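Once you know that position 243 of the sequence shown is 242 in numbering that gives the first Met the number 0, the rest is easy, because the numbers rise by one and skip nothing. Shown next, in C-alpha cells, is the structure this report addresses.
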Amino acid sequence: MIAQFYDRLSNDLTQLLESGVNCDISIEVGEGVSLANIYKVHSIILQSRSPYFKKKFDEITFNENHVKVLKLPNISVKEFNVIIKYIYSGKISLEKLENSVIFDLLITSNELELDELVEHLQSHLVNSNASWLKLKFAQIYLKSYQAKNFKIIRDFCDEIIAKHPNIIFESENFHSLPEDILISILKRDDLQLEEGKTWEYVIEWGKAKNPNLPTNLNEWKSANFVTLKETLKGCLPHIRYFSISGEDVAEKIYPYQQLLEHQLFSDINIKFIAPAKPISSIMLPPRKILKTTLPTRNTSIALFSDIITDEHALEISSWIDKKETPYIGNNPYEFKLLVRGSRDGFDVKTIYDICDKISNTAIILKVEGTGEILGGFNPLEWNKNYNGWKNTDDSFIFSLKTAILKNSILSRALYSNNFAIYNGPRNSYLAFGFALCLRGNLKTQKFCYCKFCTGYSKSIRSNEFISPPHHPKVPDEFLFSVEEYEVFKISPKIR
Numbered sequence: 000m001i002a003q004f005y006d007r008l009s010n011d012l013t014q015l016l017e018s019g020v021n022c023d024i025s026i027e028v029g030e031g032v033s034l035a036n037i038y039k040v041h042s043i044i045l046q047s048r049s050p051y052f053k054k055k056f057d058e059i060t061f062n063e064n065h066v067k068v069l070k071l072p073n074i075s076v077k078e079f080n081v082i083i084k085y086i087y088s089g090k091i092s093l094e095k096l097e098n099s100v101i102f103d104l105l106i107t108s109n110e111l112e113l114d115e116l117v118e119h120l121q122s123h124l125v126n127s128n129a130s131w132l133k134l135k136f137a138q139i140y141l142k143s144y145q146a147k148n149f150k151i152i153r154d155f156c157d158e159i160i161a162k163h164p165n166i167i168f169e170s171e172n173f174h175s176l177p178e179d180i181l182i183s184i185l186k187r188d189d190l191q192l193e194e195g196k197t198w199e200y201v202i203e204w205g206k207a208k209n210p211n212l213p214t215n216l217n218e219w220k221s222a223n224f225v226t227l228k229e230t231l232k233g234c235l236p237h238i239r240y241f242s243i244s245g246e247d248v249a250e251k252i253y254p255y256q257q258l259l260e261h262q263l264f265s266d267i268n269i270k271f272i273a274p275a276k277p278i279s280s281i282m283l284p285p286r287k288i289l290k291t292t293l294p295t296r297n298t299s300i301a302l303f304s305d306i307i308t309d310e311h312a313l314e315i316s317s318w319i320d321k322k323e324t325p326y327i328g329n330n331p332y333e334f335k336l337l338v339r340g341s342r343d344g345f346d347v348k349t350i351y352d353i354c355d356k357i358s359n360t361a362i363i364l365k366v367e368g369t370g371e372i373l374g375g376f377n378p379l380e381w382n383k384n385y386n387g388w389k390n391t392d393d394s395f396i397f398s399l400k401t402a403i404l405k406n407s408i409l410s411r412a413l414y415s416n417n418f419a420i421y422n423g424p425r426n427s428y429l430a431f432g433f434a435l436c437l438r439g440n441l442k443t444q445k446f447c448y449c450k451f452c453t454g455y456s457k458s459i460r461s462n463e464f465i466s467p468p469h470h471p472k473v474p475d476e477f478l479f480s481v482e483e484y485e486v487f488k489i490s491p492k493i494r
C-alpha cells in the first residue's frame, strides 16, 4: 500500500509561492497601474503544470537580474489569483465566484493549457449552473465551438439546440452564426424542428449574409439566386427535402427552386406524384422527431422543471386540494410549463405577457445565493391590461423542502383577504400580499422581497430575510434576486 500525503505537499508548495524564495519568473498580470499585479513564481513548477508556460519561458531571455518577465495584459488579477493558487496547490474554490467570472476563468485556463482545470470548470458550469448557461446561451455556444477543448459545454449546448432549436434560430445572434456551426446543427438527426421550418431558417440566414438582395422576391433576377445558392452551398445538402410536406414544398421550396439542382427539384415532385418510383437524388433519412404524448399518472415533474422535483409537485398539488398530508405516487394534477426565466426572459412583464388570462398558476423561484425555493399559487387569472389588487381565499405561498430546509413551509391567504394578489404589469410588479413580492428583472435587479404580513398565515423565509411590515422602503439587506424561475399552469389530469 502506498501512503499519500497530498495535503502536506499542497500546503508546502503554497507556502513556497507565498514566500517568494528562489523565484526566477516575474509575471505581470492585467493592464494599467491600478489594474496590474506582479507575481513572483518558479519556472520549474509552472512549466511542469502547463505546456503554455513551458513554451513562453523558453522564448523569453533573462534580464540583468537573472529573472524572466512574462506579461499577460489580457488576464484579470482576479482570474490569475485563482489560477496560480491552483497551479501550486492543486486546489480551487468556486463558491464565491460569479458565473460570469467562472466562465472567464474557463477561457483563460484554456488559453494557458490547464486541461484538468478546463474540464473541471466545464463540469461545474453544466452540473451546477445550467440555468446561467441557458441565459447566456448564444454567447456560450459560439465560444464552445471556437475553443477546441470545450467539449463538455459544447455537448450540453448541442443537446439543448436539438430539443429546443428556437433558442438559437430565434435568437438575435442567429444571422451572425458561423457557417460551420449552422451546418453542424443541420446535420443532427434529432433536431426537433419541422423540415419546412428548417428550410426557412436556412434561407433567412443566407439572405442576412447578402443584405443587398432585393427584399421583394418578385424582383429577384437569376444572378440573385446564384448569389444565395453560393452562400448556402454548404448548408443545402443537409436539408431533408423528402421529409417536407407537399404544402411546404409548394409554398416554401417552389419560390426558391433555382437554388436546387434540377434533378433534385424534379425528384422532390416525383415523390409526391409517384412515391414508389425510384429517384437518383440522395434521400437523407427523416429526423427523429419525438412524439408528444399526454403525461402518465407516474410522470415525474423533473422532466419539465429545472427547479422542483416530483415530490415538490405532489406537495403543491396536495395544498391546492387542501389535504393535510401530501399526495404520494400519483399526482392528480398536470404541471404545464408556461414560462422559464432562462428561456423566456426574467422581467416580470414576461409573466403577464405569456400568462395573460390564465388561471391556476404556480410561480416557482430559486433564490440567488441561498438555494431557497420559494413560490406562490394564484387561482385567479393574470391580466396584462389590469393594475390592482385581487381578492381570493385560495391563494397560498410557500418555501419548499431543500437541503437547507428540513420541511416545506405553507402560508395560506387569510379569509376575506382583499390584498391577496397584486396584478401590476404597468409597474412590472407581481405580489402575494406583501408576503412575497416580485418586481422588475428578477435576475439582474435585486428588487424582490418578503415582508412580515397579516394577509397570509405565516412567513415563508426565516426572520433574517423578512423586512419589517411598515417600513416605507425595504432595506437593501432584505432584497433578493433569483437564479431561475418557472411558471406552471396546474390542471386536473384527464382520466
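A virtual CB, placed ideally from N, CA and C, is assigned to each residue, including glycine. Remember, it's a predicted structure, so these values are computed and weren't measured experimentally.
Residues that DSSP places opposite residue i in a beta bridge
i	result
residue 420	389 and 431
residue 355	381
residue 476	None, per the DSSP bridge assignment.
residue 437	429
residue 361	376 and 487
residue 36	28
residue 190	According to DSSP, residue 190 bridges with nothing at all.
residue 67	24
residue 466	450
residue 481	366
residue 455	412
DSSP three-state assignment for residue i, whether helix, strand or coil
i	result
residue 410	strand
residue 13	helix
residue 491	strand
residue 308	coil
residue 415	coil
residue 299	Low local confidence applies: a pLDDT of 42 at residue 299 is under 50, so the model's placement there is unreliable, with the coordinate-based value given in what follows. DSSP places residue 299 in coil when its eight states are reduced to three.
residue 461	coil
residue 206	helix
residue 200	helix
residue 346	strand
residue 323	coil
residue 161	helix
residue 80	helix
residue 146	coil
residue 506	Residue 506 lies beyond the stretch modelled for the chain, which goes from 0 to 494, so this question has no answer here.
residue 46	helix
residue 195	helix
residue 0	coil
residue 217	helix
residue 174	helix
residue 254	helix
residue 5	helix
Proximity winner among the options, relative to residue i (alpha-carbon distances)
i	options	result
residue 289	320, 195 and 163	163
residue 472	167, 221 and 433	433
residue 491	228, 54, 335 and 3	335
residue 168	64, 184 and 158	184
residue 40	51, 141 and 22	22
residue 454	442, 84 and 420	420
residue 526	427, 373, 388 and 277	Outside the displayed range of the chain (0 to 494) lies residue 526, so it cannot be described from this structure.
residue 318	48, 4, 410 and 171	410
residue 113	210, 49, 156 and 64	49
residue 101	360, 139 and 326	139
residue 380	371, 391, 370 and 374	391
residue 474	464, 482, 481 and 483	464
residue 441	481, 224 and 171	481
residue 286	327, 266, 254 and 243	243
residue 259	407, 270 and 280	280
residue 236	215, 191, 192 and 186	186
Range covered by the alpha helix (DSSP H) that runs through residue i
i	result
residue 50	50-58
residue 495	The shown model of the chain, from 0 to 494, leaves out residue 495, and the question about it has no answer.
residue 102	98-110
residue 404	Run containing residue 404: none; DSSP gives neither H nor E here.
residue 230	221-230
residue 124	114-127
residue 183	178-185
residue 271	261-272
N- and C-terminal bounds of the beta strand (DSSP E) containing residue i
i	result
residue 398	395-398
residue 248	Neither: residue 248 is in no beta strand (DSSP E) and is coded neither H nor E.
residue 333	332-339
Closer than 8 Å to chain B by CB, residue i
i	result
residue 132	The question asks about chain B, but that chain is absent: this structure has only one protein chain.
Is the stretch 102-115 in contact with the stretch 77-90, if contact means three or more CB pairs nearer than 8 Å? yes
How about the stretch 227-247 and the stretch 193-200: do they share at least three Cβ pairs that are nearer than 8 Å? yes
Is there contact here, the stretch 442-451 with the stretch 313-327, by at least three beta-carbon pairs under 8 Å? no
Could you tell me whether the stretch 113-126 touches the stretch 353-362, where touching means 3 or more Cβ pairs closer than 8 Å? no
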